[in-house]
Structures are given as structure tokens and as C-alpha cells.
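Worksheet for the structure shown next.
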Amino acid sequence: MSHLTAKPILPEAFFLLKPPLLAGAAATFFGMVREDRHGNKHVVKLEYHSYASMADRRIRAIREEAMARWGLIDARILHRVGTLLPGETAIAVAAISGHRAEAFAACEEIVEHMKHTVPIWKKECFSDGTFEWAVCRHAGHEAALS
Amino acid sequence: MKVDVLLFAAVKDACGRESLRVELDEGTRVSEAIGTLRRYPAFTALEKLPLLFAVNEEFVQEDTVLRDSDVLAVMTPVSGGA
């Protein structure tokens, strides 16, 4: 199953995925599109573009690394691509473990790696018809190559 | 040797295309391949953008040596998530 989807990510559907019986904790994260304001204009939509095959590979590697590092029972990662409106979910992560400390830590780590090392880009489209490619402040050669 | 070059996001917009095939000498490094492309008017934008590179879907440094049939992806720093 691909970790990228062009269909809406529904948090309630993500929650309904039945956790394994050994699970004692599930930490979840949902990243949503904000209606950011830039002076007199605001974001009306985001376009998420990807290098799909490489992005899916990177996400699989991130999942496997987190599973091993934190001893997770399961990890679920889904990133939306295509056009999203403010309020829609762009990314969903669930880290499932025996205890909460590992679940929280793994969930945060997965989200950080997703933002810095997966070839996905967002184009911010504004209310005045202009657009610009978002720049992740922490993304760079070092992050992507680490 | 032949190398397929894929352009993504701001790079794709700036160059007005998403892929091309280039003929390079054996032993050409990523930086040299990009230098060759920059000589063409359509690719002068490559000078202004911060770039990341991947070869065969793995991030690489620009001194990486390319091989025949490699797929070189040229992209700006990633910005996924919310």
C-alpha cells in the first residue's frame, strides 16, 4: 500500500484502524492546511507535488527505522498529494507501541523526518492569484542527506 | 553514456519541463552534469535555486559520479507536511 494518497485523509477513518492487541498506546498526528495570511493576501489552497516513487520509498524507510528504533508494534503514515484546501489534512501519522513514551517520541520523529527527507513540495496559492513554493526553514542538504 | 534527468517543483517550473535525457562522458559527476545544463538558456534558472540531488531515488552529494542509465533528480529542498 502506498503512503501517498490523492484522496482526502479522514482522521476518523485513520482512528478506526484497529490497533494490535499488544498495543498499549497510540500517538497520532494530523497536519492540516492553514489559511496563512501574508500581508493583504491569504492562502486559498496548497498544491502538494511529489517525486512519488522516491517519496514512497523514503516513507517506507522512515517507518522501518522508527519501528526498529522505538520498538513499535505498528506505524501508519499517510501523506496527501494534489490540491488541498485550508482545514484539510495533509499528513497523518500514528505510532503504536506498548507504552506511551515510545509512541510519543516515535510519532514526533516520524513527522520531523517526513518534513525534511521526503521529496514532497508544497506550492502556496494565494487569494490574489499569485503563488510561491514553500520553503521549509529546516530543510537542506544536511537534513536530506542525514 | 545516457542519463535521464527529472526536474521537480520549483526547478520544473523554472525550466519549463519535467524531464530530459542527456548524453554525458563516462565519469561525469552530478555537479558537472548540472554545469553542462546551465549553459543552455532554458536551464539558467538552475543557478538561482538551492538544489538537492538524487540518483536512482537516493539523495546524493554533488560530487557523486554518474553511471550509464542513471536517473538524476534535480529538486529544491523539500517542504512536505503541514
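Residue numbers (numbering that gives the first Met the number 0), protein chains in the order written: chain X, 0 to 145; chain F, 0 to 81. For each residue, glycine too, the CB sits at the ideal point set by N, CA and C.
Exercise. Quick one: does GLY23(X) have its CB under 8 Å from some CB of chain F?
Worked result: Along the first sequence, one-based indexing puts residue 23(X) at 24. No, no contact with chain F.
For this session: Please state whether DSSP places ALA74(X) in a helix, a strand or coil.
Result: As a position in the first sequence, residue 74(X) is number 75, starting the count at 1. Strand, per DSSP.
Exercise. Which residue spans inside the region 11-35 of chain X form an unbroken beta strand (DSSP E) run of at least 3?
Worked result: 24-31
Exercise. Taking Cβ positions only, does MET0(F) come closer than 8 Å to chain X?
Worked result: Working through the second sequence from its first residue, we reach residue 0(F) at position 1. Judged by the 8 Å Cβ criterion, MET0(F) is not in contact with chain X.
For this session: Compare the C-beta of VAL73(F) with all C-beta atoms of chain X and state if any pair is closer than 8 Å.
Result: Position 74 of the second sequence, counted from the first residue, corresponds to residue 73(F). VAL73(F) does not count as touching chain X.
Exercise. Can the beta-carbon of SER96(X) be found less than 8 Å from the beta-carbon of LEU71(X)?
Worked result: For the purposes of this step, residue 96(X) is taken as residue 97 along the first sequence, with counting starting at 1. For the purposes of this step, residue 71(X) is taken as residue 72 along the first sequence, with counting starting at 1. Contact flag set, yes.
For this session: For ALA53(F), go through chain X and note every residue whose CB falls closer than 8 Å to its CB, in chain order.
Result: Along the second sequence, one-based indexing puts residue 53(F) at 54. Near ALA53(F) (Cβ distances below 8 Å), the residues of chain X are TYR50, MET53, PRO118.
Problem set entry | When HIS41(X), LYS17(X), ARG59(X), HIS112(X) are compared against MET0(X), the one with the closest alpha-carbon | In the first sequence, the residue the question calls residue 0(X) occupies position 1. Closest by alpha carbon: ARG59(X).
For this session: State the DSSP-derived secondary structure class of GLY34(F), mapped to helix, strand or coil.
Result: For this step, residue 34(F) is matched to residue 35 along the second sequence. GLY34(F): helix per DSSP, three-state reduction.
For this session: Pick out whichever of GLU123(X), LYS121(X), ALA102(X) has its Cα sitting closest to the Cα of ALA26(X).
Result: Here the question's residue 26(X) lines up with position 27 in the first sequence. When only C-alpha atoms are compared, the closest one is ALA102(X).
For this session: With 8 Å as the threshold, decide whether the Cβ of ARG56(X) is near any Cβ in chain F.
Result: For this step, residue 56(X) is matched to residue 57 along the first sequence. Yes, ARG56(X) lies at the interface with chain F (some Cβ there is under 8 Å from its Cβ).
Problem set entry | Any C-beta of chain F under 8 Å from that of LYS44(X) | Here residue 44(X) corresponds to residue number 45 of the first sequence, with the count starting at 1. Judged by the 8 Å Cβ criterion, LYS44(X) is not in contact with chain F.
Exercise. Are the C-beta atoms of GLY139(X) and some chain F residue less than 8 Å apart?
Worked result: As a first step, residue 139(X) must be located in the first sequence, where it is residue number 140. Note that GLY139(X) scores a pLDDT of 45, beneath 50, so its modelled location is shaky and nothing firm can be said.
Exercise. Terminal residues of the continuous alpha helix (DSSP H) containing ASP3(F)?
Worked result: As a first step, residue 3(F) must be located in the second sequence, where it is residue number 4. Where ASP3(F) is concerned, there is no enclosing alpha helix (DSSP H), although the beta strand (DSSP E) it sits in stretches over 1-6.
Exercise. Straight-line CA distance for TRP69(X) to ARG99(X)?
Worked result: Your numbering for residue 69(X) matches position 70 in the first sequence. Your numbering for residue 99(X) matches position 100 in the first sequence. Cα to Cα, TRP69(X) sits roughly 11 Å from ARG99(X).
For this session: For the beta strand (DSSP E) holding PHE103(X), just list the boundary residues, first then last.
Result: The residue labelled residue 103(X) in the question sits at position 104 within the first sequence. First-last for PHE103(X): 99-116, but that is the alpha helix (DSSP H), not the beta strand (DSSP E).
For this session: Give me the Cα-Cα distance between ARG16(F) and ALA93(X), rounded to the nearest whole angstrom.
Result: Counting from one through the second sequence, the residue named residue 16(F) turns up at place 17. Counting from one through the first sequence, the residue named residue 93(X) turns up at place 94. ARG16(F) and ALA93(X): Cα-Cα distance of roughly 37 Å.
Exercise. Under a three-way DSSP split, which group does ILE95(X) fall into?
Worked result: Taking the first sequence and counting its residues from 1, one reaches residue 95(X) at position 96. Strand.
Exercise. CB-CB under 6 Å to VAL29(F), same chain, minus the five flanking residues each way: which ones, in chain order?
Worked result: Counting from 1 along the second sequence, the entry for residue 29(F) is found at position 30. Contacts found: PHE52, GLU61, THR63.
For this session: Taking ALA89(X) as the query, report the chain F residues whose CB atoms sit under 7 Å from its CB, ordered along the chain.
Result: Against the first sequence, residue 89(X) aligns to sequence position 90. Within chain F, the residues near ALA89(X) are GLY80, ALA81.
Exercise. Run through DSSP, which three-state label would VAL29(F) get?
Worked result: Taking the first residue of the second sequence as position 1, residue 29(F) is located at position 30. In this structure, VAL29(F) counts as helix in the three-state DSSP scheme.
Problem set entry | Closest residue to ALA146(X) among THR82(X), ALA105(X), LEU84(X) (Cα-Cα distance) | Nothing in the structure corresponds to residue 146(X), since chain X is present only between 0 and 145.
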